[in-house]
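Report on one structure; see the data block that follows.
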Amino acid sequence: MSMKMRRSPQTALVLAEFLSDEQEWRYGYDISRNTGLKSGTLYPILMRLAEHRMLKTSWETAETGRTPRHMYKLTKDGLRYAREMVSVAAAQAVGEPAFDGVGL
Amino acid sequence: MTLVRKLAVRISSRVVRWASPGCKEWAEGLACEAAVIESDWAALRWALGSTRVLLDRRTAPLTSLDEVPAEAKKYVEALRAGVWALLMPLTQGPPFLWMFFRAKNSLERAGCALVMFSSMLAGAYTLLEWRRQKQIVKYEVYDDILAWARLYRAELARRGTTNGIQTFILLCWCVGFGMAQRDGTLTRILFAGFGLLLLATLPLMLQVLRNNLRRIEEIDALLAERDGVHSL
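So the sequence lines, in the order shown, correspond to chains S and D.
Taking the working numbering, the leading residue of the first sequence gets 31, the next gets one more, and so forth.
Taking the working numbering, the leading residue of the second sequence gets 39, the next gets one more, and so forth.
Set out below in C-alpha cells:
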C-alpha cells in the first residue's frame, strides 16, 4: 500500500528546475520565480516530493540579522525520478503538434 | 514597514500558528521566504498563497519507533470511543419494527425497513468491533514496540473499510428515518440535510485516509530501518 506521486506538468517544472543545478540547495522563492509557480502551487509539490523521500530539507544556518531560510535539494531517488520524468515530459512535448488547438 | 508588508507578515504568522503539526515546518519555511521578498506586494501574494498549507491537515511525522506505542495507544483509545458512534441506529430497530406493521403506505414501510436494516448492521458491526477491541487489550500487557507497530499499522490499514461501513449505516438510517415520517415534511428535509452533511464529510474522510497511508509508510520505513540496523 503506497501513495503514488502525481505526474503533473507543474511537478515536471519543479523537477527540471532542481536538475538545473543538482548539487545546490534551493530556496522556495527562487524556485517560484524561476518556474513561475505561486507559493500555493509550489509548496504542495515540494511537500509531496519530501513525503516520497525525493526531497531533503534543511534550515540555513542563522547569520546575525538575517532570517534563516528553508532550503531544498533532491535526494538520489529524487534525482533519478526527476531525470526520468523530465525526459518523459520532453518526449511528450516533441510529440505534440506545434499548432495543436490553434484554429486556423 | 508598509501596511501591505504588515499584512503579509500577519498572514504568514497566522499560517504558521494554524498549520497542522505535519505542515508546521513548511509553513515556517513559507513565512521565512515572505520575509526576504523585497517587493511588498509580491510578499503579500506569497503570504496569501501560503494559506494553501492550511488545507493540508497532517499529523506530525513519526521520527522513531519509540514514538509508536504512545501514538498507537492514542489511536486505539479513539477507536474505542468511536465504537459507540452507531448507538443511535442501533437502538432504532424495535420501534421501527412496530411502526413497520402500522405503516400506511409503501414509502413509510420502505423507510422503516431501511432503518431496521441499518439497525441490524449497526448491531453486527458494534458487536464485531467490541470483540476486536477486547483482543487489542492483550497488546497493552506487553511493552513491545514491534507489537504496537504491527497493531497500529493493521488498524490504520483497516480504517478505510470501517469508515465506509459506518457512513453507509448512518446514511441508510438517515434516509430510512426521513422516509418513515408520516406527514413530516420538515423532518424529511432535516434528515435529508443531515444525510447531505454526512456526504459533505467525504473530503474530510479522504484526508484521514491519506494521513493513514502516510503514517503506514512512516511505520514501514521505521521498521525497515530497524531491520537494516539489526541485520548489520
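Beta carbons: idealized from backbone N, C-alpha and C, even for Gly.
Every value quoted in this text rests on a predicted model; they were computed, and no experiment measured them.
Where DSSP assigns a beta bridge to residue i, which residues make up the other side?
i: residue 111 of chain S; result: In DSSP, residue 111 of chain S forms no bridge with anything.
i: residue 101 of chain S; result: S:57 and S:88
Note the first and the last residue of the continuous alpha helix (DSSP H) segment covering residue i.
i: residue 86 of chain S; result: Run containing residue 86 of chain S: none in the alpha helix (DSSP H); it sits in the beta strand (DSSP E), 85-89.
i: residue 96 of chain D; result: Note, residue 96 of chain D: premise wrong, no alpha helix (DSSP H); not H, not E.
i: residue 106 of chain D; result: 106-120
i: residue 91 of chain D; result: Premise fails: residue 91 of chain D is in no alpha helix (DSSP H) and is neither H nor E.
i: residue 81 of chain S; result: 69-81
i: residue 103 of chain D; result: Looking at the DSSP string, residue 103 of chain D is not in any alpha helix (DSSP H), and its letter there is neither H nor E.
i: residue 47 of chain S; result: 39-49
i: residue 128 of chain D; result: 125-129
Pick helix, strand or coil for residue i, following the three-state DSSP scheme.
i: residue 119 of chain S; result: helix
i: residue 141 of chain D; result: coil
i: residue 18 of chain S; result: Residue 18 of chain S is absent from the model: chain S starts at 31 and stops at 134.
i: residue 36 of chain S; result: coil
i: residue 52 of chain S; result: coil
i: residue 96 of chain S; result: coil
i: residue 154 of chain D; result: helix
i: residue 243 of chain D; result: helix
i: residue 225 of chain D; result: helix
List the residues of chain S that residue i touches, going by C-beta distances under 7 Å, in chain order.
i: residue 67 of chain D; result: 58 and 100
i: residue 197 of chain D; result: Those do not exist, as residue 197 of chain D stays about 12 Å from chain S at its closest Cβ, beyond 7 Å.
i: residue 91 of chain D; result: 73
i: residue 211 of chain D; result: Near residue 211 of chain D there are no residues of chain S at all, since even the closest Cβ is about 31 Å away, more than 7 Å.
i: residue 56 of chain D; result: Under the 7 Å cutoff, chain S gives no residues; its nearest Cβ is about 15 Å from residue 56 of chain D.
i: residue 186 of chain D; result: By Cβ distance, chain S contributes nothing, its closest Cβ being about 19 Å from residue 186 of chain D, past 7 Å.
List the residues of chain S that residue i touches, going by C-beta distances under 8 Å, in chain order.
i: residue 88 of chain D; result: 69, 70 and 73
i: residue 42 of chain D; result: Those do not exist, as residue 42 of chain D stays about 16 Å from chain S at its closest Cβ, beyond 8 Å.
i: residue 64 of chain D; result: 73, 76, 77 and 100
Since residue i meets chain D, which of its residues come closer than 7 Å, beta carbon to beta carbon?
i: residue 81 of chain S; result: 252
i: residue 97 of chain S; result: 70, 73 and 74
Please list the partners that residue i has in chain D, where partner means a Cβ-to-Cβ separation under 8 Å.
i: residue 115 of chain S; result: Within chain D, no residue comes near residue 115 of chain S; the closest Cβ sits about 20 Å away, beyond 8 Å.
i: residue 84 of chain S; result: Those within 8 Å of residue 84 of chain S in chain D number zero; the least Cβ separation is about 13 Å.
Just to make sure I have the definition right: I need the residues of chain S whose C-beta is within less than 9 Å of the C-beta of residue i. Which are they?
i: residue 79 of chain D; result: None at all; the shortest Cβ gap to chain S is about 13 Å.
i: residue 122 of chain D; result: Per Cβ cutoff of 9 Å: no residues; residue 122 of chain D is ~29 Å from chain S at best.
Task: Segments assigned alpha helix (DSSP H), at least 4 residues, entirely inside the region 55-79 of chain D - done: 62-74
Open item on the list: Please give the ranges of any alpha helix (DSSP H) in the region 160-223 of chain D, keeping only runs that are unbroken, at least 4 residues long and fully inside the region.
Closed with: 183-195 and 197-217
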